[in-house]
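Quick note: the sequence shown, position 146, residue 137 per my numbering, numbers continuous. Every residue gets a Cβ at the ideal spot worked out from N, C-alpha and C, and that includes glycine. Presented below is the structure to which this report refers.
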Amino acid sequence: MCKACDYTIHGAQHHFGWDNSFVPAETVAPGSTIEFHCHDSSAGQLGPSSTVEDVKTLDFGKINPVSGPIYVEGAKPGDVLKVTIDSFTPREQEGSAWGWTANIPGFGLLADQFEDPALTIWKYDAASPDKALWGSEGKVALKPFCGTIGVAPAEKGLHSIVPPRRVGGNLDIRDLAAGTTLYLPVEVDGALFSVGDTHAAQGDGEVCGTAIESPMNCVLSFDLIKNETLKFPRFTTPGPVTRHLDTAGYEVTTGIGPDLMSGARDAVSGMIDLLCAQRGMSAVDAYMLVSTCGDLRISEIVDMPNWVVSFYFPRNVFE
């Protein structure tokens, strides 16, 4: 329990999708600090003992639950909600902090190449969430963050939680971690803020469609900036963002051509091929692994007609 928090939003106080008619779970004043109990993105459909058979029966109407919404007093359309991300505490189940990564048919950057479901269950130390074991030889450095975080859109009705939006939502930005300050444009009275989809680790791009999906409690503080135009979310990090990955350098593959999406696919495919050749991994295992720790980067976007996309895989996974 967060002793310095003004409120706690419990796991039962969650919803699916965005709708500005949802009844607030709590009304708070600017300056409040709140602890949110966040579910994993499966809403508990997967657990530490799940098998690949459970991936086949996932109910997509219960994907990415978010805790809230929070009504912030004085927030009006045209304001900015300032969210300071304080901390994350993994929750234990079956004696350990845990998470999952899955290949879900029809989802992910290479969905046409990986059509069968697959699942990896991760376990790690809740008291010292540093690294999580991959198989018998690899360890992925952890960096907990909020995958889905945002406020309600102005448009009436229920909107899917899956795509990111101008007001935030399913951003899946790894650097929305402890110490970061996020700024969100407000479109409705009270802002109606919600958060969930906590991850223990993710590569930039989340290429297979899932990260290390892990239930956590997160502590956030809220302030209001009046009458400041903001078209899209922005954020400020407290310092370097890749220290947990940089210690042993990277293996890098590229994709080159006139289409950024094709370039991204080629760069990721190249890394999967490299890991299979070097480590003897199956292709689907390599695909899920790189989704949790590898980074897609646009290396060059000015030398027409071809652009360069690079995929960086941290060598410290196999130290």
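CB contact flag (residue i, residue j, <7 Å)
i	j	result
Thr18	Thr283	no
Gly261	Thr244	yes
Cys199	Tyr278	yes
Ala191	Ser78	no
Arg306	Gly246	no
Ser185	Thr75	no
Phe7	Pro60	no
Leu183	Val158	no
Thr139	Asp188	yes
Arg165	Asp195	yes
Asp250	Glu197	no
Phe136	Leu167	yes
His235	Lys134	yes
Lys53	Ala66	no
Ser32	Glu310	no
Gly129	Val308	yes
Burial state of residue i (16 or more Cβ within 10 Å)
i	result
Val259	buried
Phe51	exposed
Gly86	exposed
Asn218	exposed
Asn94	buried
Ala123	buried
His1	exposed
Gly148	exposed
Glu26	buried
Gly181	buried
Assigned secondary structure, residue i (DSSP; H/G/I helix, E/B strand, else coil)
i	result
Ser273	coil
Lys217	coil
Ile289	strand
Phe309	helix
Met252	helix
Val281	helix
Gly261	helix
Thr238	helix
C-alpha distance - residue i paired with residue j, whole-angstrom precision
i	j	result
Gly97	Ala(-5)	43 Å
Val131	Trp125	7 Å
Pro206	Arg82	6 Å
Asp276	Ile216	45 Å
Pro144	Thr201	25 Å
Ala3	Phe105	35 Å
Val153	Ser253	22 Å
Ile292	Pro224	23 Å
Ala109	Glu146	37 Å
Pro176	Ser23	18 Å
Thr171	Phe226	7 Å
Gly69	His5	26 Å
Cys267	Ser273	6 Å
Glu64	Asp121	37 Å
Tyr303	Gly38	30 Å
Pro155	Trp9	11 Å
Ile45	Thr111	Checking the sequence shown, residue 45 turns out to be Asp, not Ile. Distance between the alpha carbons of Asp45 and Thr111 is about 12 Å.
Glu242	Ala102	23 Å
Asp214	Lys73	5 Å
Ser301	Val281	13 Å
Asn11	Tyr62	11 Å
Within-7 Å CB hit, residue i to chain B
i	result
Ala88	Absent from the structure: chain B. Only one protein chain is present.
Beta strand (DSSP E) runs wholly inside the segment 130 to 204, at least 3 long, in chain order: Within the segment 130 to 204, the complete beta strand (DSSP E) segments of 3 residues or longer fall at 136 to 142, 172 to 176, 182 to 192, listed in chain order.
Beta strand (DSSP E) segments (min. 3 residues) lying fully within the segment 52 to 119: Taking only runs of at least 3 residues, the beta strand (DSSP E) segments lying wholly in the segment 52 to 119 are 57 to 63, 71 to 81, 87 to 94, 109 to 115.
3-residue-minimum beta strand (DSSP E) runs that sit fully inside the segment -7 to 58, ordered along the chain: Whole beta strand (DSSP E) segments, 3+ residues: -2 to 0, 17 to 19, 24 to 29.
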